[in-house]
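Here's the structure, in structure tokens; my notes come after.
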Ligand SMILES: Cc1cc2nc3c(=O)[nH]c(=O)nc-3n(C[C@H](O)[C@H](O)[C@H](O)COP(=O)(O)OP(=O)(O)OC[C@H]3O[C@@H](n4cnc5c(N)ncnc54)[C@H](O)[C@@H]3O)c2cc1C
């Protein structure tokens with residue numbers, strides 16, 4: 001057999017994708033679009049067909065949209081692409097030598113190539129009382145369905161964690177008529193991802209909307225109220241300083257743990273995420289990993305090791321893997337981006353601001369319309385835009401170009417950002 005024929009056989013051998021979230025689903029459909037002729041099987045432990053998680057903390061939580069609106073692709077798209085969906089079943093083990101995935105149902109699936117798109121799970125807050133009822137986490141449709149009966153107007157909700165998910169939930173809860181307290185252990189909201197000025201903007205918005213925001217508030221325990229076994233208080237601080245905050249329910253949003261155990265148990269390298277190269281390949285040439293579960297050893301654009309948690313990243317890596325498996329040239333590595341919706345504010349962020357040495361604000365936080373540019377050595381490395389979609393598009397290009405720009409030009413509203421692109 002010639003090398004080319006062997007390559008074609010390998011390329012068209014069955015692809016099994018473990019994890020039927022947006023990353024897995026996108027990879028399955030793209031593989032077919034890009035010409036993969038062999039079988040494609042998408043295995044997911046959740047019962048729902050692949051869906052979009054972002055509305056879980058936004059419209060789906062507030063009750064504005066129903067579960068059907070979350071569906072990522074219509075059933076007909078999988079049928080048309082000849083993608084076999086195996087839902088409600090968990091992959092238990094990878095047998096690399098035999099090139100098989102063993103499912104918890106007892107079935108085993110042979111694969112030519114395997115894609116891990118297993119996402120992550122909500123990090124638990126281990127504290128005394130964390131087994132009381134009415135303490136919730138948010139990662140899946142089922143999580144929201146469990147929360148719903150307690151998520152009622154007038155109830156006192158304590159949100160632990162002032163990151164995106166916590167703040168989006170705060171906005172959704174207010175909309176639904178709950179009383180909301182947000183507890184953030186750091187000294188400001190969104191501390192891990194934005195500059196102090198952007199944090200201050202969000203803190204003000206939430207306070208004005210009626211959220212009781214407490215920063216520097218580390219939760220030490222959960223305590224029962226009158227009903228045994230049921231949450232009554234969230235405890236902040238310790239000893240004489242401890243404060244008991246009354247709560248009918250608590251929602252914890254303190255980060256994500258990547259589901260990398262399947263890979264680790266199969267002997268693949270993991271480091272808080274399955275380690276992959278620029279083609280999303282693990283150290284087994286026939287196994288790939290994408291989305292929230294994958295960590296780039298060295299991200300093509302950011303030039304450092306990173307694991308990203310966002311829909312755009314999951315979709316881009318799906319494309320990268322579909323290219324790799326069909327012998328196409330990969331798309332150019334690009335700057336990561338993300339969005340978050342709170343009230344009527346659309347926050348869009350691009351690049352990574354870590355290590356910036358200058359912050360430039362264009363527009364007006366008071367008018368809830370601005371963009372914050374992060375610069376390092378005079379180059380634009382990241383931007384956070386609030387209600388500025390046009391500027392955000394230009395900012396993405398400036399970041400992609402690693403453009404040099406002066407603070408004066410960036411801040412000058414009279415000067416279209418497009419002009420800076422041409423330099
Ligand atoms: C509440 C919430 C709000 C968000 N909002 C935004 C937002 O506004 N913007 C944004 O860009 N991103 C947002 N995200 C993040 C975004 O949803 C994720 O980055 C994205 O879903 C990652 O896709 P994925 O396919 O990698 O993983 P996932 O969507 O987590 O899918 C992985 C799937 O694999 C399944 N699985 C895991 N292990 C196994 C196994 N062994 N066998 C079978 N199946 C398995 C899981 O059950 C899951 O269904 C939000 C996330 C949450 C939870």
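Numbering (the numbering used here), first residue to last: 1 to 423. For each residue, glycine too, the CB sits at the ideal point set by N, CA and C. No experiment lies behind these values; they were computed from the predicted model shown.
Minimum C-alpha distance to residue i - residue among the options
i	options	result
residue 205	253, 39, 345	345
residue 289	160, 156, 118	118
residue 408	362, 388, 422, 366	362
residue 378	124, 401, 286	401
residue 279	301, 265, 261, 272	301
residue 375	133, 359, 202, 45	359
residue 428	20, 297, 80, 136	There is no way to answer for residue 428, as the model of the chain reaches only from 1 to 423.
residue 389	414, 382, 214, 347	347
residue 453	42, 75, 15	Any answer about residue 453 is impossible in this case: the structure gives the chain only from 1 up to 423.
residue 197	368, 260, 397, 417	368
residue 113	152, 180, 67, 41	41
residue 208	321, 250, 174	174
residue 161	192, 292, 269, 128	192
Pairwise C-alpha distance: residue j and residue i
i	j	result
residue 405	residue 384	16 Å
residue 164	residue 121	16 Å
residue 155	residue 182	14 Å
residue 33	residue 77	11 Å
residue 84	residue 315	19 Å
residue 26	residue 243	47 Å
residue 157	residue 18	35 Å
residue 171	residue 342	6 Å
residue 339	residue 54	9 Å
residue 254	residue 38	41 Å
residue 149	residue 140	16 Å
residue 12	residue 324	12 Å
residue 399	residue 295	22 Å
residue 281	residue 328	15 Å
residue 102	residue 311	28 Å
residue 107	residue 86	11 Å
residue 235	residue 330	50 Å
residue 382	residue 50	31 Å
residue 190	residue 306	19 Å
residue 309	residue 47	22 Å
residue 366	residue 395	21 Å
residue 152	residue 336	36 Å
Distance between beta carbons of residue j and residue i, contact taken as under 8 Å
i	j	result
residue 195	residue 353	7 Å
residue 232	residue 224	5 Å
residue 326	residue 35	5 Å
residue 125	residue 211	Rounded, the Cβ-Cβ distance is 20 Å, inconsistent with contact.
residue 60	residue 144	6 Å
residue 285	residue 273	Wrong, their Cβ atoms sit about 19 Å apart, outside the cutoff.
residue 247	residue 94	At roughly 42 Å, the Cβ-Cβ gap does not stay under 8 Å, so residue 247 and residue 94 are not in contact.
residue 276	residue 304	The pair is not a contact, with the Cβ atoms about 14 Å apart (cut-off 8 Å).
Residue i - partner residues in DSSP beta bridges
i	result
residue 71	51
residue 246	233
residue 349	338, 384
residue 128	Bridge partners of residue 128: none, in fact.
residue 374	359, 382
residue 296	276, 306
Chain C contact for residue i (CB, 8 Å cutoff)
i	result
residue 221	As a matter of chain content, chain C is missing from the structure shown, which is built from one protein chain.
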